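**Q** First the structure, then my questions, so here it is.
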Amino acid sequence: MKPAPFAYAKARTLDEAVALLGEHAESKILAGGQSLIATLNMRLSAPKLLVDINGIGGLSGISLKNGMVEIGALTRHAEAERSNVLAQHAPLLARAMPFIAHPAIRNRGTLGGSIAFADPAAELPACLLALGGEVDIAGPNGKRTVKADDFFKGLFETALGPRDVLTAIRVPAASKDTRVGFAELARRHGDYAIVGLAATATASGSGLKDVRLAYFGVGNTPVRAKKSETALVEGKIDDAVAALNLDPSDDVQATGAVKKHLAGVLLRRVAAQLMETSR
Ligand SMILES: Cc1cc2nc3c(=O)[nH]c(=O)nc-3n(C[C@H](O)[C@H](O)[C@H](O)COP(=O)(O)OP(=O)(O)OC[C@H]3O[C@@H](n4cnc5c(N)ncnc54)[C@H](O)[C@@H]3O)c2cc1C
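Going by the working numbering, the residue at position 197 of the sequence shown is 479; the numbering climbs one at a time, nothing skipped.
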């Protein structure tokens, strides 16, 4: 299928992008286009104006700042996958990157686009939540920062308003005590996950503290499994599996019951990763 007709504008500054987004009630930002163009071609969405943000300077790159790893919204998945800064200071993101789609898609798709799109089966929103990260946003009322815990609101719904541009994400840089875990089950490598789990913790003696478990593919948003987090801090893996407070719906990939079972399988794998001494 072909998309419905739309106008196109290339913004050169953030202010220009925000102004263009205000010109049409039905406008959409174009970043890597890897999700947006598919939805246009399938006529799942029919915006009147696409505002291309690829010409805006300063929205790309990965850096270490004040104990945080900052990633510009236009950073491509492929760049993140090869980043030494990410490998050293954000090992959960580095571990998740190869699971996102296929190389051709990772060459164009952006980290900002993935977080803004907020597909509930996507890897990066769950990683951002597990890491307790934050999102920088520029909009008609200026700039603001939103915590990951408050960013994902519902199915493909976030704290972004219709005239907002996500400009960067930030996650705490890993310390020597940081432990991370990541696993997903997909029909083929590169497909969206049936169920996935991103996790972080801090080593504490022979155990763990500050465990954060963020599932994807099991709800309308990435989902924290808070009771299981508590059980893992107590070192009780069977209790952690039993306490999984997930209620996934059936979808085209699996029934809710199968997803819940797989969530328990992944929890055991990820818990073992969290207990490894080297990250
Ligand atoms: C075949 C296929 C398989 C895929 N598999 C996976 C997978 O396994 N896991 C996964 O996570 N993803 C997967 N993807 C999606 C891919 O990761 C996309 O790159 C990503 O979801 C969107 O990034 P993008 O830069 O292409 O955004 P776009 O497609 O350009 O935009 C997506 C949406 O986000 C909005 N948006 C984009 N950037 C911003 C911004 N800076 N501020 C505000 N709004 C913005 C757009 O308006 C649009 O609504 C797959 C895609 C395809 C085509």
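In this text, a Cβ means the ideal position worked out from N, Cα and C, and glycines have one as well. Please read these numbers as outputs of a predicted model, since none were measured by experiment.
Whose C-alpha, out of A420, G414, T392 and D418, is nearest the C-alpha of A430?
**A** On the sequence shown, position 148 is the one that residue 430 refers to. The shortest Cα separation from A430 among A420, G414, T392 and D418 belongs to G414.
**Q** Any idea what DSSP makes of M350, helix, strand or coil?
**A** Your numbering for residue 350 matches position 68 in the sequence shown. Strand.
**Q** Just to confirm, does G499 get its C-beta within under 7 Å of one of the non-hydrogen atoms of ligand 1?
**A** Along the sequence shown, read from residue 1 onward, the residue named residue 499 stands at position 217. It does not: the Cβ of G499 is nowhere closer than 7 Å to a heavy atom of ligand 1.
**Q** Examine ligand 1 and report whether any of its heavy atoms sits within less than 7 Å of the Cβ of G337.
**A** For this step, residue 337 is matched to residue 55 along the sequence shown. Not so, every heavy atom of ligand 1 lies at least 7 Å from the Cβ.
**Q** Distance, Cα to Cα, P329 vs A286?
**A** Here residue 329 refers to the residue found at position 47 when the sequence shown is read from its first residue. Here residue 286 refers to the residue found at position 4 when the sequence shown is read from its first residue. For P329 and A286, the distance between alpha carbons rounds to 8 Å.
**Q** Taking 7 Å as the cut-off, does the CB of T394 come closer than this to any heavy atom belonging to ligand 1?
**A** In the sequence shown, the residue the question calls residue 394 occupies position 112. Contrary to the premise, residue 394 reads as Gly rather than Thr in this sequence. Yes, the beta carbon of G394 sits closer than 7 Å to at least one heavy atom of ligand 1.
**Q** If you draw a straight line from the C-alpha of S560 to the C-alpha of T484, how long is it?
**A** Taking the sequence shown and counting its residues from 1, the one referred to as residue 560 is at position 278. Taking the sequence shown and counting its residues from 1, the one referred to as residue 484 is at position 202. Note that S560 scores 46 on pLDDT, short of 50, meaning its location in the model is unreliable; the coordinates nonetheless yield the value given after this. If I take the Cα positions, the gap works out to 12 Å.
**Q** With DSSP run on the structure shown, which of helix, strand or coil describes L479?
**A** Along the sequence shown, read from residue 1 onward, the residue named residue 479 stands at position 197. Reduced to three states, the DSSP call for L479 is strand.
**Q** Mind checking who D418 pairs with in its DSSP beta bridge?
**A** Reading the sequence shown from its first residue, position 136 is the one you call residue 418. BP columns for D418 point to T427 and A450.
**Q** Can you have a look at M379 and say buried or exposed, based on whether 16 or more other CB atoms are within 10 angstroms of its CB?
**A** As a position in the sequence shown, residue 379 is number 97, starting the count at 1. With 16 or more Cβ atoms within 10 Å of its Cβ, M379 is classed as buried.
**Q** Please name the residue in A313, S317, L368 and A369 whose C-alpha comes closest to that of I355.
**A** Against the sequence shown, residue 355 aligns to sequence position 73. Note on identity: in this sequence residue 355 is Ala, with Ile being the wrong assignment. Looking at the Cα atoms, A313 is the closest of the given residues.
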